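Chains as they are written, first to last, in this note's numbering: chain W, 74 to 381; chain X, 71 to 378.
This is the structure:
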């Protein structure tokens, strides 16, 4: 955010200073942030926190219920699965996959999409026509089915999942970026930068990109939530993360067979996915309202006006 | 209008052609179909024979021309798994998928419109906050997990509905509900925000002052004006369900549609069946997209003819 002063009328510049104060005033968004920070810490320190090795099998202690139930014991707080593996430890390690796949996909799709959007919007002309045609075509693709096909041909792994999801998701970033760039292209500061002899790259990265931070941050957050769900769904279908690695989606799939006898195998990993995505969605909702001047105005207007 | 339809039609043709190319590249160049489809212990002789049977020993250009001319007449060959023409399987399974997706989106619209309208009556009021929170939660729950929860609750605990499969009308309720909920949550947000805008518009105030009943203002005037975004979004949800989400839901409930067939084809390494499903889904998606564009244009002549 170093070049904010070069961007008159930008959305990011005016909201950033008050971001933290604004966040503290919003209880639900704060809950989301706190949850996500805790989850991040859990993921980073997973081997230290997890009470057991997530892959350690113990046939004698298989299908043990959570500690507070009849046959449960405190060695396995959330019970064990059909191979006697500790459910809590698997949850803790599974958080890593969700966050890594989410972050890597957003970085990959976002990086590529923003670059395409910047180029299409700023260079314009035939380049823009080509990039826009590719975007329009790919948006109309049956994305998930094609992803399934790629996974079936190439073979599922964490890496393939990231690449496939990124291939499927870069168009949104490109569209948003292109739209903003088109609206900024003929403003004084961008034209001046070009006239002063800045290279195309410099204009795109130093002058245009900072103005995209607000809409892109909201979009990336929303996409992060979508990717976490998509990874879970792919792993559930057996086309994502492969055993012995742990993923929440994979754990739900494995627990499904024992759903009628051991409800905890399906319940806890599913709950972990739902809470994580909810936390991200809460942050995204708040970001959208905070970083969009129009939304912000509406919100303050509503608050100022007494209820009818 | 004619030129508009023609432009959209051309775009659709491009999408279908690119799907053909991508599927061809995936099945022939990226993956090794012989390795994927034959068991590991197959001899070199068997491999060569299989290659010749599929025509994979010919030059790639010849293969492509051959492939395209087969696809053009919807001749995809014989399924490796079921040993009968792929089209036969698809014609058998497609109605179940269409029934499920249409039922789900119908349900989603039927639930979303009243909820969204009620929320929009008092923005930031108690009801509105509850609706927004419910839709955020609905958006965050993984679909496959929601389906499993429904099975446990409605089928096992209460015993009201069958757990999975098809046959009676009762079988469709749980899969349709599972498919509907995420779509519904996205629809609710759009109904809500367009209705808030409409209800704040000048013409609504005039109607109120004229003494029209609030019910008439909402149902006849405001809702009618929000119809275009709602119908468009419902169409997108239908496309989303058809081109991806139904795979997950069908596999959870063993609903015998194209999605379940796609997963079964992947499990049995039947790329011939899988590519046909991907291709035909692409055609359905393109056709629906075209229909939506034309409908939106017919409803609202202000839509720019050249807008993408």
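Beta carbons are placed, not taken as given, at the ideal position from N, Cα and C, and that holds for glycine. In this text, all values refer to a predicted model and were calculated from it rather than measured experimentally.
Cβ of residue 146 of chain X less than 8 Å from any chain W Cβ? Translated into positions along the second chain, residue 146 of chain X becomes position 76. By this cut-off, residue 146 of chain X is not an interface position.
If we call anything under 8 Å between Cβ atoms a contact, is residue 156 of chain X one with residue 342 of chain X? Within the second chain, residue 156 of chain X is the residue found at index 86, counting from 1. Within the second chain, residue 342 of chain X is the residue found at index 272, counting from 1. The answer is yes: Cβ separation under 8 Å.
Per the contact definition of three or more C-beta pairs closer than 8 Å, is the stretch 353 to 369 of chain X in contact with the stretch 297 to 316 of chain X? yes
Assign residue 136 of chain X to buried or exposed, taking buried as 16 or more other Cβ atoms, counted over all protein chains shown, within 10 Å of its Cβ. Along the second chain, read from residue 1 onward, the residue named residue 136 of chain X stands at position 66. Flag for residue 136 of chain X reads exposed.
Less than 8 Å between the CB atoms is what I'm expecting for residue 124 of chain W and residue 158 of chain W, so what's the real figure, rounded? Locating residue 124 of chain W in the first chain gives position 51, counting from the first residue. Locating residue 158 of chain W in the first chain gives position 85, counting from the first residue. No, residue 124 of chain W and residue 158 of chain W are not in contact; Cβ-Cβ is about 12 Å, not under 8 Å.
According to the Cβ coordinates, are residue 225 of chain X and residue 218 of chain X closer than 8 Å? On the second chain, residue 225 of chain X is found 155 positions in, with the first residue counted as 1. On the second chain, residue 218 of chain X is found 148 positions in, with the first residue counted as 1. No, the pair does not count as a contact, with Cβ atoms beyond the cut-off.
Pick out whichever of X:265, X:203 and X:355 has its Cα sitting closest to the Cα of residue 86 of chain X. Locating residue 86 of chain X in the second chain gives position 16, where the first residue counts as 1. Checking every option, the nearest Cα to that of residue 86 of chain X belongs to X:355.
In angstroms, rounded to a whole number, what distance separates the CA positions of residue 162 of chain W and residue 257 of chain X? Taking the first chain and counting its residues from 1, the one referred to as residue 162 of chain W is at position 89. Taking the second chain and counting its residues from 1, the one referred to as residue 257 of chain X is at position 187. Going by the C-alpha atoms only, they are around 37 Å apart.
Answer yes or no: does any C-beta atom of chain W fall closer than 8 Å to that of residue 114 of chain X? Reading the second chain from its first residue, position 44 is the one you call residue 114 of chain X. Cβ-Cβ to chain W under 8 Å: no for residue 114 of chain X.
DSSP on residue 159 of chain W, reduced to helix/strand/coil? If you number the first chain from 1, residue 159 of chain W lands on position 86. Residue 159 of chain W: strand per DSSP, three-state reduction.
Looking only at its own chain, which residues have a Cβ that is under 7 Å from the Cβ of residue 326 of chain X, when we skip the five neighbours before and after it? Counting from 1 along the second chain, the entry for residue 326 of chain X is found at position 256. Closer than 7 Å at Cβ, skipping near neighbours: 163, 166 and 236.
Determine, using beta-carbon pairs with one atom in the stretch 202 to 211 of chain X and one in the stretch 335 to 352 of chain W, whether at least three such pairs fall under 8 Å. yes
Got a sec? Which residues, its chain only, sit under 6 Å from residue 268 of chain X by beta carbon, not counting five neighbours each side? Here residue 268 of chain X refers to the residue found at position 198 of the second chain. Around residue 268 of chain X: 292, 295 and 296.
Would you report the Cα separation of residue 136 of chain W and residue 342 of chain W, rounded to the nearest angstrom? The residue labelled residue 136 of chain W in the question sits at position 63 within the first chain. The residue labelled residue 342 of chain W in the question sits at position 269 within the first chain. Looking at the two C-alpha atoms, the distance is approximately 15 Å.
Could you please give me the residues that DSSP links to residue 153 of chain W through a beta bridge? Taking the first residue of the first chain as 1, we reach residue 153 of chain W at position 80. W:159.
Assigned secondary structure, residue 252 of chain X (DSSP; H/G/I helix, E/B strand, else coil): In the second chain, the residue the question calls residue 252 of chain X occupies position 182. Residue 252 of chain X falls in the helix class under three-state DSSP.
Complete alpha helix (DSSP H) runs within the stretch 160 to 243 of chain X (minimum length 4 residues, chain order): 196 to 210 and 213 to 220
Leaving aside the five residues before and after residue 331 of chain W along the sequence, list all residues of the same chain whose C-beta is less than 7 Å from its C-beta, in chain order. Numbered from its first residue, the first chain carries residue 331 of chain W at position 258. For residue 331 of chain W, where only same-chain residues beyond five positions count, the Cβ hits under 7 Å are 136, 155 and 338.
Which residues, taken in chain order from the stretch 275 to 295 of chain X, show a beta carbon closer than 9 Å to some beta carbon of chain A? Absence of chain A from the displayed structure is noted, the protein chains being W and X.
Below 8 Å, how does it come out for the stretch 134 to 150 of chain X and the stretch 334 to 351 of chain X: are there three or more Cβ pairs, yes or no? yes
Touch check for the stretch 357 to 366 of chain W and the stretch 88 to 107 of chain W: three-plus C-beta pairs under 8 Å? yes
Quick one: Cα of residue 133 of chain W to Cα of residue 329 of chain W, how far? The sequence position of residue 133 of chain W within the first chain is 60, counting from 1. The sequence position of residue 329 of chain W within the first chain is 256, counting from 1. Computed Cα separation, rounded: 21 Å.
Can you list, in chain order, the residues of its chain with a C-beta nearer than 7 Å to that of residue 235 of chain W? Leave out the 5 residues immediately preceding and following it. By one-based count along the first chain, residue 235 of chain W stands at place 162. If we look at residue 235 of chain W and ignore the five residues flanking it on each side, its Cβ neighbours are 174, 177, 178 and 181.
Determine the closest residue to residue 179 of chain X out of X:276, X:249 and X:316, with distance taken between C-alpha atoms. By 1-based counting over the second chain, the position of residue 179 of chain X is 109. Closest option to residue 179 of chain X, Cα to Cα, is X:249.
Burial state of residue 273 of chain X, where buried means 16 or more other Cβ atoms lie within 10 Å: Within the second chain, the letter at position 203 stands for residue 273 of chain X. The residue is exposed, with fewer than 16 neighbouring Cβ atoms inside 10 Å.
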